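In UniProt numbering, the protein residues as written are 1 to 327. All residues carry an ideal CB built from backbone N, CA and C; glycine is no exception. Bear in mind the structure is a predicted one, so any value in this text is a computation, not a measurement. See below for the structure under consideration.
Given below as structure tokens:
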């Protein structure tokens, strides 16, 4: 469980072998104008989120290429199955440092270092590597996730698929998009450009024809219940995928490469950005209460609005609507 502590822009971080100060990205001016379809507030937060998340994605990519043996730099968190690497830690340090340069008075809430989660003001919610197990094993399915919340509501979100150099992003009431190749460019384009592809959810309305993604927890007790639910769901859907990064799973719902996603026990940093991207692409989505901990096991669901109720009914039949807490 993450300890929630006060973190400020002046916080000093311990040195690591993957020093994020090695990177010196140029952040965009947060006041850069965006298309009129975006609200001013969401536009400003999206500009910052894009710059910081892409810089963090470059750091993750570069560090993964440098490390031949990650086993020497791995610790565990909630259980022996929940690893954290030095790259997770150094990436979050980088995000905090970059945000402190442009938003010194904002709060940062991150997976690795905690932080405050106030109901008022601007909070940046960061998961430095969502899919750490994949990252550890060299499976190309992990991401950097960064969301901006204003007064408790997510107004901008960015998820960087590092291995495939795809940057998914959205702003509240501004639509959802994906950009190819952002990690290769020296500068970050803060606005929606012609080469960005607007995202739209799948039009599947029949659960029996739906490809559904899910995820598993880190404790044996939760996995046992989740396995029972998956077994029952397999009788009612086309197929189920477990890819290992909830942030990317939600982006796949947004782009239509998955028809639905459900998962128990996510923390805010796991889904804050991906949920906005999915919703802005047309999905109906229900998320855990903002202050709930992943250990409480609340359910997240995302699907096309006409598939959502079928997904909910299928989970009810499978015994999967109730929370599945960790024990």
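Cross-strand partners of residue i (DSSP beta bridge)
i           : result
residue 215 : DSSP output for residue 215 lists no bridge partner at all.
residue 171 : 156
residue 301 : 262 and 286
residue 114 : 110
residue 161 : 143 and 166
residue 130 : 143
residue 230 : Its beta-bridge partners do not exist; DSSP assigns none.
residue 123 : 107 and 149
Helix, strand or coil at residue i [DSSP, three-state]
i           : result
residue 137 : helix
residue 238 : coil
residue 6   : The predicted model places residue 6 with a pLDDT of 29, which falls under 50 and marks its position as unreliable; any figure quoted below should be read in that light. Coil at residue 6, not helix or strand.
residue 56  : helix
residue 148 : strand
residue 193 : coil
residue 225 : helix
residue 201 : coil
residue 323 : coil
residue 206 : coil
residue 49  : helix
residue 318 : coil
residue 293 : coil
residue 32  : Since pLDDT at residue 32 reaches only 39, below the 50 mark, its modelled position is unreliable, and the value read off the structure follows with that caveat. DSSP places residue 32 in coil when its eight states are reduced to three.
Closest Cα partner of residue i within the set the options
i           : options               : result
residue 141 : 245, 262 and 325      : 245
residue 109 : 173, 149 and 316      : 149
residue 144 : 286, 316 and 135      : 135
residue 46  : 323, 133 and 277      : 277
residue 104 : 50, 173 and 122       : 122
residue 303 : 290, 59, 100 and 253  : 253
residue 125 : 133, 132, 111 and 119 : 111
residue 213 : 175, 263 and 53       : 263
Nearest-angstrom beta carbon gap, residue j and residue i [assumed within contact, 8 Å]
i           : j           : result
residue 236 : residue 314 : 5 Å
residue 327 : residue 207 : About 30 Å separates the two Cβ atoms, so there is no contact after all.
residue 55  : residue 128 : That belief does not hold up - the Cβ atoms of residue 55 and residue 128 are roughly 12 Å apart, past 8 Å.
residue 330 : residue 273 : The chain is shown from 1 up to 327; residue 330 falls before or after that span and cannot be answered.
residue 155 : residue 172 : 4 Å
residue 169 : residue 181 : About 14 Å; that fails the 8 Å criterion.
residue 267 : residue 294 : 4 Å
Extent of the continuous beta strand (DSSP E) run through residue i
i           : result
residue 179 : 176 to 180
Element boundaries [alpha helix (DSSP H), containing residue i]
i           : result
residue 254 : 246 to 255
residue 277 : 268 to 280
residue 185 : It is not in any alpha helix (DSSP H) - residue 185 carries neither H nor E in the DSSP assignment.
residue 92  : 86 to 102
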